[in-house]
Amino acid sequence: MSDSPPQVRLHNTLTRRTEPLDPIEPGRVTIYTCGSTVYKYAHIGNLRTYLFGDVLHRTLEYLGYEVRYVKNITDVGHMRDDQLDSLSGPDKIELAAETEGKSPAEIAAFYTDAWLEDERLINILPADLMPKATDHIGEMIELTRRLLERSLAYEVDGTIYFDVSAFPAYGRLSGQKVEETHAGHRVDVEADKRNPADFALWKHAGEHRLMSWPSPWGEGFPGWHIECSAMSIKHLGERFDIHTGGIDLKFPHHEDEIAQSEGALGHPVVSVWLHGEFLTMDDAKMAKSAGNIIRVADLPAMGYEPLAFRYLALTAHYRSKLDFTDAAMHAATSGLAKLRRAAASESGTLDLSDEPMATYRSRFRDALSDDLATPRALALAHEVASASDLTDRQRAALIRDFDRVLGLSLDAPQPETVLPDGAAELLERRAKARAARDFAASDALRDRLEELGVEVRDTPEGQVTARR
Ligand code: AMP
Ligand code: ZN
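Spelled out as structure tokens, the structure:
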């Protein structure tokens, strides 16, 4: 029967296989996504990773699962950049606070709001819960205490390290051998570690540290990885279904999270690990430190609607790299325009389980159930948009139904946005061509504008444009 939910299959980084999703509680799926480190604006690369989490969230709900989705806010810690970070130096949030003359809490609140506004612009549904690392210091201390108790950690002068040699499964997620793993952990500034692969759970606070907390080991602050162990276990339980993040979090962040959580609890915690590939620009990873950054909020000034970026993200599978280019954004803009046109008809109330709509819907579900194959789902939406076996109303109804996962606001009125680059010049040339009654040139220019996502109508007052 085409209406029974298909078996969802997902590529599990831990087993390196695409496996059927088998929720701990039937019909209910628990998901944790590593959220933003709120010391700077999130860029569209970060947002690509959150979009992939959103597609997972929406897909599972579309398929009839009840989803509990937790996405954290990293407002302390984050120890990845060697230059900014030493045992006594400021972390990234503290550094931003110093530079901008604000308190760490003000910095975190400002960049959290900016991030969530960017998410809203591209229709990322809010998570059920967005816990903050600084609200979970007690839980982090408790986990650290348990790891010490189980001889999986050791103390050196108020700093607690995880003892990688005591956890044989270390390296399973990333496929690295323990001898190689020290590359991800700083050795130079943590010379007191027993083993270069060991990593800090809790750090002794130096004198100038703005953010520090009392602990059984003196004044200190958490290591970067322990926050996600503490928050995921607290809010999703000692076993949960899916954990997502960008590919660079696989090691060391998630490898360390597994060591901490499983080490403390004595059993596996996460069933499926999913990792999204990078967004690149000119084939280089988009990164805060590389300076090649674009924000969602910057897109309108570049002539793009933020939802065209969401569309672009759907054109690539989450496990493939995606390059952000003008050509790709133009193609996304015109793809979005086509789907909007198809969704614009009045669809009224149609029974989507009638043929031939049921068959299209089941193909849509099959695509998404196949490790979230969004390029296939999107291609199917276009197939529907021009399908000759469907009426206008049926096409609109199906595309609006698909939009519950695509999240492109396909039935919403078009927001006012700035004209894309080059459009003004094309419009001027077209006005001249029409004045000269050169209709071939005028039509060719209309096509070029259409490619940019600008629809032109001729009225007695002249050309009128609409963004599609
Ligand atoms: P951060 O705030 O640096 O912890 O990054 C937030 C999320 O964005 C993490 O899941 C990263 O893996 C992810 N991320 C960082 N850079 C990119 C990129 N260029 N493309 C896709 N995801 C990224
Ligand atoms: Zn995390």
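Just add 1261 to wherever you are in the sequence shown, counting from 1, and you've got this note's numbering.
Note that CB positions come from ideal geometry on N, CA and C, so glycine has one too.
Around the beta-carbon of K1464, 16 or more other beta-carbon atoms lie within 10 Å, marking it buried. The beta-carbon separation of D1424 and D1459, rounded to 6 Å, stays under the 8 Å limit for a contact. Between the stretch 1509-1518 and the stretch 1407-1414 there are fewer than three C-beta pairs closer than 8 Å, too few to call the two in contact. Rounded to the nearest angstrom, the Cβ distance from I1487 to L1404 is 6 Å, consistent with a contact under 8 Å. Not one heavy atom of ligand 1 sits closer than 7 Å to the Cβ of N1333. Relative to the non-hydrogen atoms of ligand 1, the Cβ of G1484 never comes closer than 7 Å to any of them. Judged by the Cβ position, H1514 qualifies as a neighbour of ligand 2 at the 7 Å threshold, a heavy atom of the ligand being closer than this. Restricting attention to H1504, T1360 and G1484, the CA atom closest to the CA of T1294 is found in H1504. In this structure, the C-beta of G1436 stays at least 7 Å away from each heavy atom of ligand 2. With contacts defined as CB atoms closer than 8 Å, S1670 and N1384 qualify as a contacting pair. Annotation for G1506: no alpha helix (DSSP H) segment contains it, though the beta strand (DSSP E) segment containing it runs F1501 to G1507. Contact between L1633 and V1331 is absent: CB atoms are separated by about 19 Å, not below the 8 Å threshold. By the 16-neighbour rule on beta-carbons within 10 angstroms, R1601 is buried.
Boundaries of the beta strand (DSSP E) harbouring K1332: E1327 to K1332, taken from the DSSP string. Environment of ligand 2, chain-ordered: C1295 and C1489, taking every residue with Cβ within less than 5 Å of a heavy atom. A distance of 8 Å or more separates the beta carbons of A1375 and I1368. Judged by DSSP in its simplified three-state form, R1277 adopts coil rather than helix or strand. Contact between the stretch 1582-1600 and the stretch 1608-1624 is absent, with fewer than three C-beta pairs closer than 8 Å.
Secondary structure in the stretch 1660-1708: the alpha helix (DSSP H) runs of 4 residues or longer, each lying completely within the stretch, are 1684-1696 in chain order. Judged by beta-carbon spacing, G1506 lies beyond the 8 Å limit of M1391, meaning their Cβ atoms are not closer than that value. In the three-state DSSP reduction, H1578 falls in the coil class, being neither helix nor strand. At least one heavy atom of ligand 1 lies less than 7 Å from the C-beta of T1310. Annotation for K1353 indicates a beta carbon at 7 Å or more from all heavy atoms of ligand 1. At a Cβ-Cβ threshold of 8 Å, T1320 and V1666 count as neighbours.
Remark: the C-beta of D1336 is outside contact range of ligand 1, defined as less than 7 Å to any heavy atom. Between I1354 and W1474 the beta-carbon gap is near 14 Å, outside 8 Å, which marks them as no contact.
Burial is judged here by how many other beta carbons sit within 10 angstroms of a residue's own beta carbon; D1418 has fewer than 16 and is exposed. The Cβ neighbour count for H1469, taken over all protein chains shown within 10 Å, is under 16; the residue is labelled exposed. Look at T1405 here: in three-state DSSP terms it is helix. Under DSSP, the beta-bridge partners assigned to Y1422 are Y1415 and A1461.
The Cβ atoms of S1426 and N1456 lie closer than 8 Å to each other. Short note on N1307: C-beta closer than 7 Å to some heavy atom of ligand 1. The Cβ atoms of F1539 and K1549 lie no closer than 8 Å to each other. Comparing alpha carbon positions, the residue from R1270, R1626, R1277 and R1709 closest to D1283 is R1270.
Under the three-pair Cβ rule at 8 Å, the stretch 1634-1648 does not count as touching the stretch 1560-1569. According to DSSP, V1533 shares a beta bridge with I1503.
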